[in-house]
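Residue numbers (the UniProt record's numbering), protein chains in the order written: chain W, 1 to 427; chain C, 1 to 427; chain R, 1 to 427. We put the CB at the ideal spot given by N, CA and C, even for glycine. Please read these numbers as outputs of a predicted model, since none were measured by experiment.
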Amino acid sequence: MASVTAIEEQMYELVERMYPLCRSITGDGVRATLAIVGEYIPLDVHEVPTGTQVLDWTVPQEWNIRDAYIADASGRRVVDFAESSLHVLGYSVPVSATMPLSELRAHLHTLPDRPKWVPYRTSYYKPDWGFCLAQETLDALPDGEYQVRVDSTLEDGHLTYAEHVVPGQVPDEVIVSCHVCHPSLANDNLAGIAVATYLARALVKHTPYYTYRFIFAPGTIGAITWLARNKERVEHVKHGLVLACAGDRGDLTYKRSRRGDAEIDRVLRHVLSTSERPHQVKEFTPYGYDERQYCSPGFDLGVGSLTRTPYAGYPEYHTSADNLDFVSPEAMADTLAVCREAFAVLDRNRRYLNQSPYGEPQLGRRGLYDALGGRSDTKQAQMAMLWVLNLSDGEHSLLDVAERSGLPFDTVADAADALHGAGLVKA
Amino acid sequence: MASVTAIEEQMYELVERMYPLCRSITGDGVRATLAIVGEYIPLDVHEVPTGTQVLDWTVPQEWNIRDAYIADASGRRVVDFAESSLHVLGYSVPVSATMPLSELRAHLHTLPDRPKWVPYRTSYYKPDWGFCLAQETLDALPDGEYQVRVDSTLEDGHLTYAEHVVPGQVPDEVIVSCHVCHPSLANDNLAGIAVATYLARALVKHTPYYTYRFIFAPGTIGAITWLARNKERVEHVKHGLVLACAGDRGDLTYKRSRRGDAEIDRVLRHVLSTSERPHQVKEFTPYGYDERQYCSPGFDLGVGSLTRTPYAGYPEYHTSADNLDFVSPEAMADTLAVCREAFAVLDRNRRYLNQSPYGEPQLGRRGLYDALGGRSDTKQAQMAMLWVLNLSDGEHSLLDVAERSGLPFDTVADAADALHGAGLVKA
Amino acid sequence: MASVTAIEEQMYELVERMYPLCRSITGDGVRATLAIVGEYIPLDVHEVPTGTQVLDWTVPQEWNIRDAYIADASGRRVVDFAESSLHVLGYSVPVSATMPLSELRAHLHTLPDRPKWVPYRTSYYKPDWGFCLAQETLDALPDGEYQVRVDSTLEDGHLTYAEHVVPGQVPDEVIVSCHVCHPSLANDNLAGIAVATYLARALVKHTPYYTYRFIFAPGTIGAITWLARNKERVEHVKHGLVLACAGDRGDLTYKRSRRGDAEIDRVLRHVLSTSERPHQVKEFTPYGYDERQYCSPGFDLGVGSLTRTPYAGYPEYHTSADNLDFVSPEAMADTLAVCREAFAVLDRNRRYLNQSPYGEPQLGRRGLYDALGGRSDTKQAQMAMLWVLNLSDGEHSLLDVAERSGLPFDTVADAADALHGAGLVKA
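Next comes the structure, spelled out in structure tokens:
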């Protein structure tokens with residue numbers, strides 16, 4: 001296995017490779033992105049035709065773009081899509097025209113408060129065209145005629161998403177979902193894609209208990225499409241995590257599922273609070289990333305969301321400042337580590353039933369307890385066995401035991417394994 | 001509609017008009033009080049005969065009084081009912097006698113700790129007579145013979161109470177109950193009667209959702225009589241508020257119903273805590289005003305109590321110092337404002353059912369969502385729609401949504417109306 | 001009845017009498033201890049044969065010991081059982097040998113951190129022999145040959161435990177359980193035995209509501225034996241208390257039952273928190289004394305544990321420093337007082353049903369309420385009646401009433417008696 005440092009660097013390189021591509025909710029940018037991810041983990045890529053009904057929505061026309069710019073009278077490109085995919089309003093319809101700046105302004109998007117940054121804007125469902133640029137750039141444009149051109153196509157085609165499955169011991173599933181629709185924004189969500197990719201690579205090394213399904217899909221419409229096409233599978237989805245904003249230097253933030261106390265919520269809270277990491281745990285809100293869809297009241301899945309600085313919580317959010325400098329290899333590695341720890345707990349968390357529930361069973365004759373009595377420094381492993389025995393009434397999970405006892409989860413799970421080996425508890 | 005200032009003044013004038021009357025649990029003082037209130041809002045006045053069985057109680061004889069005094073040897077009235085209705089022990093039997101001060105003392109009630117104030121005392125159910133006076137007055141009386149006279153009648157008659165109903169869209173009822181049995185005490189409860197009266201006038205302007213029933217009845221026996229005569233109606237009483245001590249300058253205090261988390265409790269807590277007002281919310285106790293009866297375990301109605309300084313919480317309580325100076329127009333207006341805000345919330349609070357619960361419905365194509373994507377300053381109205389959709393699973397009310405989302409209740413209720421208009425939620 | 005001071009002294013004398021005996025989980029030391037206790041309260045002594053199956057365990061062979069020592073080459077006893085029963089490893093098999101110190105060391109137990117103290121050690125279920133001694137003693141031993149002798153027997157015999165029953169008005173039982181297996185350790189558990197003994201003497205003076213059963217049994221195997229032999233009786237055990245470490249000068253500590261909110265838990269918390277005593281209330285853990293067995297998940301009895309400084313919570317724990325100086329008559333008297341207060345509450349705690357639940361019943365005509373109205377200083381006894389009436393809906397106990405009202409439990413219970421006498425509540 002590659003060293004941790006190597007993985008950090010590999011994740012960062014993956015982000016660098018995906019960064020220039022112009023992604024949107026459909027189109028070749030998404031396909032190219034999935035092709036890169038497919039070099040790291042095998043992907044099943046799904047193409048869903050325009051017009052397909054998905055829940056309350058309809059798959060829109062496919063958008064592709066070759067070029068876009070604003071040129072001044074001299075022909076100099078003052079705003080150029082070739083420089084950054086952010087410069088064009090997402091889903092801009094084709095345009096080729098010359099107009100005075102005064103008329104052009106209605107199609108220009110800037111951030112007056114952040115004059116050097118280019119905003120990220122889209123118009124998926126209302127036909128429109130536009131450019132995003134720095135306020136400084138706009139301020140420097142003299143009045144006069146400008147040539148504007150968006151060389152895009154908006155035609156019947158497909159919505160593209162991909163899945164990667166790590167088979168487990170049981171068909172019950174854990175989903176890990178990342179949005180892949182944003183253009184050149186590094187933290188939102190190339191870092192999430194990179195962490196998910198390396199999480200999948202780590203999980204496959206030992207057959208996990210659960211089956212883990214990674215979903216790489218455009219935001220909102222992609223998750224809705226996946227849900228619409230997987231209505232039966234959803235019953236097998238026991239837990240899930242939406243991964244986003246996984247690479248900035250802020251503290252980790254876990255946002256609970258709609259249920260608030262789903263097992264994934266308890267696992268993440270446990271892992272974060274027993275680690276030394278500064279972190280936040282937030283209540284569910286029906287806004288943010290695709291937890292909105294997984295946690296809609298009809299599905300109400302146990303799906304939380306893990307980010308570093310959360311959705312819209314940093315000024316660089318949805319701007320050109322969410323660039324390659326904004327994410328760090330160390331932050332991605334830290335996010336990956338928490339995911340691995342959390343899934344390690346989730347994977348071992350069970351409810352057992354004490355087979356000898358009347359009084360304590362005699363652990364000593366089974367070699368599970370010290371022969372010398374009277375000492376006050378009972379070993380943690382023995383304490384863990386007493387806790388597991390006492391709480392294994394079918395109502396308490398090993399995580400419950402860990403939390404009530406204050407013992408490390410792994411010690412508790414090891415105790416359960418020992419008791420299971422001795423026939424004293426049954427799964 | 002009259003200006004707020006005008007209403008303040010009108011409420012205060014109403015208190016002034018009622019103040020001199022000698023009210024008790026029966027008799028013409030109650031009738032005269034209800035006749036004044038009846039000039040502001042139409043009242044149904046009920047007369048219940050002496051001897052009527054009401055729950056565990058019996059309607060007592062009716063008490064009326066024309067005159068009462070203590071006169072010294074020179075014939076000078078040293079204590080005189082004509083000066084204040086507080087001077088006579090409530091329900092005093094008739095007496096006409098001459099006796100030495102030493103013998104008279106057993107019938108005199110004072111407040112040694114507050115030597116200038118006259119206490120309020122009654123003896124409804126044990127035949128007795130007496131006078132209430134300032135300790136200073138008593139101290140100044142020389143020994144000697146005094147003439148005492150109570151010109152009262154205690155005879156079979158009636159207990160009087162009144163109702164005013166503001167019809168709503170549904171037969172489910174909200175009751176607002178005020179005691180009308182106290183003599184010349186301004187805060188307890190003339191201010192409550194005045195606030196209730198102007199609350200009724202405000203509610204009738206727009207047909208409310210609930211039917212609002214105002215009950216003006218003597219304390220304890222009156223509420224018990226109303227409950228005894230309205231056993232079927234009680235099933236329609238969904239919420240209620242006992243109004244008392246509504247005019248002093250202290251902070252507002254809400255006392256929860258016996259249930260503790262009835263909808264009225266949650267509404268008052270919400271309105272008080274989201275306002276800028278200093279206030280207190282107290283747990284139920286089986287003491288105080290007529291919430292004691294409405295919240296007896298057999299009825300257990302969702303009836304709380306709103307006061308300013310609560311029952312027995314101020315030194316002036318049940319003394320002559322609870323006079324017209326003790327209450328202020330501004331305090332009554334503030335109590336009225338909170339009642340109106342609370343009933344506005346109660347009236348709009350519903351549980352809806354999301355008709356499109358699988359994923360988010362596409363709000364954009366219904367004109368309910370901005371077309372431009374990518375912005376991080378989503379409008380409150382849109383956030384409110386997402387919250388209502390997410391929580392409209394039949395278990396959460398709009399008040400739940402407001403409290404979980406932190407959004408203003410009205411914004412949430414407006415969002416529910418918009419979604420209802422689009423057919424996305426059903427009541 | 002003896003004065004409190006007399007009882008303090010009597011409990012301390014009882015501890016002194018039991019202190020020198022060599023107790024273990026079986027054998028004549030236990031019998032001699034029970035014989036002493038039997039002089040204070042009548043005991044039913046049970047003898048259970050070696051080999052009897054008790055739950056998951058088997059009653060072991062009986063261990064008795066006459067003498068044990070280590071003697072140096074000159075024949076001088078350097079470690080001598082006659083000086084303290086702690087000097088021999090509990091359940092040591094017989095040995096008679098001469099060996100060099102280097103070989104003997106494997107059988108010696110010391111406390112290097114506490115060089116003057118002798119540890120308490122046992123080996124009940126693995127045949128072994130050994131000596132416990134002060135580190136200082138060991139350090140002073142020159143190399144050379146030593147004569148070691150343990151004159152013990154380990155043979156088929158019996159496990160001994162005893163019961164004392166204080167009959168109550170109902171067959172439902174409260175158990176009070178003390179372990180009697182420790183050798184010369186004063187706080188752990190001779191103080192517990194002494195407090196239990198005098199608690200039994202106090203309870204019998206007035207026939208209690210519950211039947212109180214005192215169990216004096218060796219730790220773990222004794223409680224398991226009692227449970228195995230009383231499977232039907234266990235259904236009648238409604239509450240219980242394990243008494244241990246009852247005499248040190250630390251604060252009282254109550255450890256909750258596994259249920260956490262059993263009635264005994266609420267009673268102890270109430271009594272401790274309304275007293276002026278500094279104290280702790282701790283959550284259940286499956287370690288400590290015989291609450292481990294009573295609170296195993298199959299039984300899950302409402303049995304808590306009362307100690308002063310808890311299990312293993314003081315350095316003297318399980319050492320020769322837990323001696324007669326370590327316990328104080330005042331501490332034992334204080335523990336006894338809390339037990340008596342707690343059982344007084346437990347014994348009166350009932351759920352009543354208000355027979356007049358619609359409105360307040362008219363207490364005045366039943367002589368339960370003051371005739372003079374208007375006063376704001378309502379008597380506590382009347383407030384208690386209103387609280388009992390309001391909460392006597394079958395769901396609230398008198399302890400609930402006391403806690404919600406803030407009134408003393410006895411005032412509440414007296415009010416319930418008065419209401420019961422008037423036919424207004426039914427048990």
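For the region 97-125 of chain R, the residues whose beta carbon sits under 9 angstroms from a beta carbon of chain W are, in order, 109, 119, 120, 121, 122, 123, 124, 125.
Judged by DSSP in its simplified three-state form, residue 313 of chain C adopts coil rather than helix or strand.
With respect to the 8 angstroms criterion, residue 210 of chain C and residue 173 of chain C are classified as neighbours on the basis of their beta carbons.
Around residue 393 of chain R, the beta-carbon contacts reaching into chain C at under 9 angstroms are 297, 298, 300. Across the region 263-292 of chain W, CB contacts with chain C closer than 8 angstroms involve 283, 285, 286, 287, 292, in sequence order along the chain.
Comparing C-alpha distances from residue 6 of chain W to each of W/198, W/363, W/116 shows the shortest one belongs to W/198.
The closest CA to that of residue 274 of chain R, considering only R/116, R/410, R/201, is found on R/410. DSSP lists C/151 as the beta-bridge partner residues of residue 67 of chain C. Two segments are said to touch when three or more pairs of C-beta atoms, one from each, lie closer than 8 angstroms; by this definition the region 13-32 of chain R touches the region 323-330 of chain R.
Chain C places a beta carbon closer than 8 angstroms to that of residue 378 of chain R, counting this residue as a contact. Taking a C-beta distance under 8 angstroms as the contact criterion, residue 132 of chain W and residue 104 of chain W do not qualify as a contact pair. Runs of the alpha helix (DSSP H) lying entirely within the UniProt domain "DUF2172" (62-153) of chain C and spanning at least 4 residues, in chain order: 101-104, 135-139.
Among the residues of the region 209-236 of chain R, those with a Cβ less than 8 angstroms away from any Cβ of chain W are 220, 223, 224, 227, 228, in the order of the chain. In this structure, residue 301 of chain C places its C-beta atom within 8 angstroms of the C-beta atom of residue 294 of chain C. For residue 318 of chain C, a Cβ of chain R is located within less than 8 angstroms of the residue's own Cβ.
Around the C-beta of residue 338 of chain W, 16 or more other C-beta atoms lie within 10 Å, and the residue is accordingly described as buried. Rounded to the nearest whole angstrom, the C-alpha separation of residue 388 of chain W and residue 401 of chain W is 6 angstroms. The C-alpha of residue 242 of chain C is placed about 26 angstroms away from the C-alpha of residue 61 of chain C. For residue 49 of chain C, the enclosing beta strand (DSSP E) covers residues 44-49. For residue 371 of chain W, the neighbours in chain R by C-beta distance under 8 angstroms run, in chain order, 123, 125, 126, 128.
In the DSSP assignment, the residues bridged to residue 373 of chain C are W/122. A Cβ-Cβ distance of about 6 angstroms is found for the pair residue 422 of chain C and residue 368 of chain C, placing them in contact under the 8 angstroms criterion. DSSP assignment within the UniProt domain "UCP01524 winged helix-turn-helix" (351-426) of chain C yields the following whole alpha helix (DSSP H) runs of 4 residues or more, N-terminal first: 380-391, 398-405, 409-421.
Within chain C, the C-beta atoms nearer than 7 angstroms to that of residue 362 of chain R come from 56, 57, in chain order. Contact of residue 312 of chain W with chain C by beta-carbon distance below 8 angstroms involves 376. Of all residues in the region 385-415 of chain R, only 386, 387, 389, 390, 391, 392, 393, 404, 405 come within less than 8 angstroms of chain C when Cβ atoms are compared, listed by chain position. The contact set of residue 258 of chain C on chain R, defined by CB atoms closer than 9 angstroms, consists of 390, 391 in chain order. Non-local beta-carbon contacts of residue 335 of chain W in its own chain, meaning distances under 6 angstroms to residues more than five positions away in sequence, involve 195, 246 in chain order.
Residue range 291-294 is occupied by the alpha helix (DSSP H) that includes residue 294 of chain C.
With contacts defined as CB atoms closer than 8 angstroms, residue 55 of chain C and residue 359 of chain R qualify as a contacting pair.
Cβ neighbours of residue 101 of chain C within its own chain (closer than 7 angstroms, five residues either side excluded): 141, 143, 144, 146. Two segments are said to touch when three or more pairs of C-beta atoms, one from each, lie closer than 8 angstroms; by this definition the region 202-222 of chain C touches the region 156-176 of chain C. Sorting R/179, R/407, R/251 by C-alpha distance to the C-alpha of residue 225 of chain R places R/179 at the top. Residue contact check for residue 359 of chain W against chain R: a CB pair falls below 8 angstroms. Annotation note: the region 171-226 of chain W contains the following uninterrupted beta strand (DSSP E) runs of length 3 or greater, listed N- to C-terminal: 173-179, 211-217. With a cut-off of 8 angstroms on Cβ pairs, the region 31-47 of chain C is not in contact with the region 391-407 of chain W, counting fewer than three such pairs.
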